[in-house]
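Participant: A single structure is presented below for examination.
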Amino acid sequence: MYNDCAQPPLRAAPSPIPDPDAFAEQKQLVEAAIRLDAELDRSPTVSDVCAEAGIDETAFEEHFETVEALRPAFYDLTLVQYRMLTEATTGYEDFSFEERLASFFYILLDALGEQRRFVQETFDTRVRYRSSFRAEVRGTLRDLLTDEDVVPNTNQLVTGLWPVHEVLTAVTFAVVRHWIRDETDDQEATTALVDKLVAFVAELVTFGGVSRGVDLAWHLVQHDSLGLGRLPVVGRFFSRR
5 MYNDCAQPPL
15 RAAPSPIPDP
25 DAFAEQKQLV
35 EAAIRLDAEL
45 DRSPTVSDVC
55 AEAGIDETAF
65 EEHFETVEAL
75 RPAFYDLTLV
85 QYRMLTEATT
95 GYEDFSFEER
105 LASFFYILLD
115 ALGEQRRFVQ
125 ETFDTRVRYR
135 SSFRAEVRGT
145 LRDLLTDEDV
155 VPNTNQLVTG
165 LWPVHEVLTA
175 VTFAVVRHWI
185 RDETDDQEAT
195 TALVDKLVAF
205 VAELVTFGGV
215 SRGVDLAWHL
225 VQHDSLGLGR
235 LPVVGRFFSR
245 R
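Residue numbering for the sequence shown follows this note's numbering, beginning at 5 and increasing consecutively.
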């Protein structure tokens, strides 16, 4: 049994934006492998994939070690595509948290939708488990939840916690599974779900009550209004503010 829910190691800086030409070559190779898997009654070789993609084998070796790595790489490339698109979006730096989270969901689902049948067949199989998809989704959400430009600093006392990132990752996977099963026109049911989910999460993440609550607690401790300053943990925490 595969388990991709275990707590991950600490993640460093986000993956760098790749070279567009390298990304295009990787995507062509991955899409060629997916097509050949559906057409051939045997596993495709490197030569098969390169011929189908119209890419030289030396280029294949620059990006992948084996042909078996191609199908899991589809999932990795969806997050690369997300980073490239947000980097290229004019005015993205001015987006609110809600707009950034909506962009994440819709870009991700659009990227998965380019090979919807493949995703339906492989999302809960070893193909996806062999990718870094879950770690990259979690890391992307962590970056959104701790972005000081859109999330109040005080709120990050909560949104910066690993369990919060894991919960939203699990929610994202539930959305993807809903999308996989969604047979409404243009997956309209998923669109409605994402819109409601994004609005709800944004309300929680940017809620001003967190900041006001911490300020109230600080005031109570500083003035010892309720005797909270005598509590060692509370007193030490607020004495540093």
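Backbone N, C-alpha and C fix where the C-beta goes; we use that ideal spot for every residue, glycine too.
Let me check understanding here. Comparing Cα to Cα, which of Phe101, Val179, Leu116 and Cys54 lies closest to Thr82?
Facilitator: Your numbering for residue 82 matches position 78 in the sequence shown. Nearest C-alpha to Thr82: Leu116.
Participant: In three-state DSSP terms, what is Leu220?
Facilitator: Taking the first residue of the sequence shown as 1, we reach residue 220 at position 216. Below a pLDDT of 50, predicted positions are generally treated as unreliable, and Leu220, at 44, falls in that range; the measurement from the model is reported next regardless. In this structure, DSSP gives Leu220 a helical state, which the three-state scheme calls helix.
Participant: Give me the Cα-Cα distance between Thr62 and Val198, rounded to the nearest whole angstrom.
Facilitator: Position 58 of the sequence shown holds residue 62. Position 194 of the sequence shown holds residue 198. The straight-line gap from Cα to Cα measures roughly 42 angstroms.
Participant: Runs of 4 residues minimum, wholly inside the region 47-94: which ones carry the alpha helix (DSSP H) assignment?
Facilitator: 50-57, 61-67 and 74-92
Participant: Excluding five sequence neighbours on each side, which residues of the same chain lie with their C-beta closer than 6 angstroms to the C-beta of Pro76?
Facilitator: In the sequence shown, the residue the question calls residue 76 occupies position 72. Val131, Arg134 and Ser135.
Participant: Since Arg134 is in the alpha helix (DSSP H), which residue starts that stretch and which ends it?
Facilitator: For the purposes of this step, residue 134 is taken as residue 130 along the sequence shown, with counting starting at 1. First-last for Arg134: undefined, no H or E at that position.
Participant: Quick one: what does DSSP say Leu44 is sitting in, helix, strand or coil?
Facilitator: By 1-based counting over the sequence shown, the position of residue 44 is 40. Reduced to three states, the DSSP call for Leu44 is coil.
Participant: Are the Cβ atoms of Leu165 and Val205 separated by less than 8 angstroms?
Facilitator: Counting from one through the sequence shown, the residue named residue 165 turns up at place 161. Counting from one through the sequence shown, the residue named residue 205 turns up at place 201. For Leu165 and Val205, no; Cβs fall outside 8 angstroms.
Participant: Exposed or buried, which one is Tyr96 when buried takes at least 16 other CB atoms within 10 Å?
Facilitator: For this step, residue 96 is matched to residue 92 along the sequence shown. Under this definition Tyr96 is an exposed residue.
Participant: Count the C-beta pairs between the region 54-61 and the region 25-36 that are closer than 8 angstroms, then say yes if the count reaches three, no if not.
Facilitator: Because the criterion of three Cβ pairs below 8 angstroms is met, the region 54-61 and the region 25-36 touch.
Participant: Considering Gly117, what are the terminal residues of the alpha helix (DSSP H) in which it resides?
Facilitator: Within the sequence shown, numbered from 1, the residue matching residue 117 stands at position 113. Taken as a continuous stretch (DSSP letters only), the alpha helix (DSSP H) holding Gly117 covers Phe101 to Gly117.
Participant: My understanding is that Tyr79 touches Phe137, with C-beta atoms under 8 angstroms, so please give their C-beta distance in whole angstroms.
Facilitator: As a working mapping, residue 79 is identified with position 75 in the sequence shown. As a working mapping, residue 137 is identified with position 133 in the sequence shown. Their Cβ separation, rounded to whole angstroms, is 4 angstroms, which keeps Tyr79 and Phe137 in contact under 8 angstroms.
Participant: Beta-carbon within less than 6 angstroms of His169's beta-carbon, same chain only, minus the 5 sequence neighbours each way: which residues are those?
Facilitator: Along the sequence shown, read from residue 1 onward, the residue named residue 169 stands at position 165. Excluding positions up to five away in sequence, the list reads Arg142, Leu145 and Arg146.
Participant: Can you tell which of Gln30, Lys31, Ser100 and Thr210 has the C-alpha that lies nearest to the C-alpha of Thr158?
Facilitator: Residue mapping note: residue 158 aligns to position 154 of the sequence shown, counting from 1. Cα-wise, what sits closest to Thr158 is Thr210.
Participant: Could you name the residues of the same chain whose beta carbon sits closer than 7 angstroms to that of Leu105, not counting the 5 residues immediately before and after it, in chain order?
Facilitator: Within the sequence shown, residue 105 is the residue found at index 101, counting from 1. Result list for Leu105: Leu148, Val202, Val205 and Ala206, in chain order.
Participant: Considering Cα atoms alone, identify which of Arg185, Thr163 and Val155 is closest to Phe127.
Facilitator: The residue you call residue 127 lines up with position 123 of the sequence shown. Taking only the C-alpha atoms, the option nearest Phe127 is Arg185.
Participant: Any idea if Val175 is buried or exposed, counting beta-carbon neighbours within 10 angstroms, 16 or more meaning buried?
Facilitator: Here residue 175 corresponds to residue number 171 of the sequence shown, with the count starting at 1. Answer is exposed; the Cβ neighbour count stays below 16.
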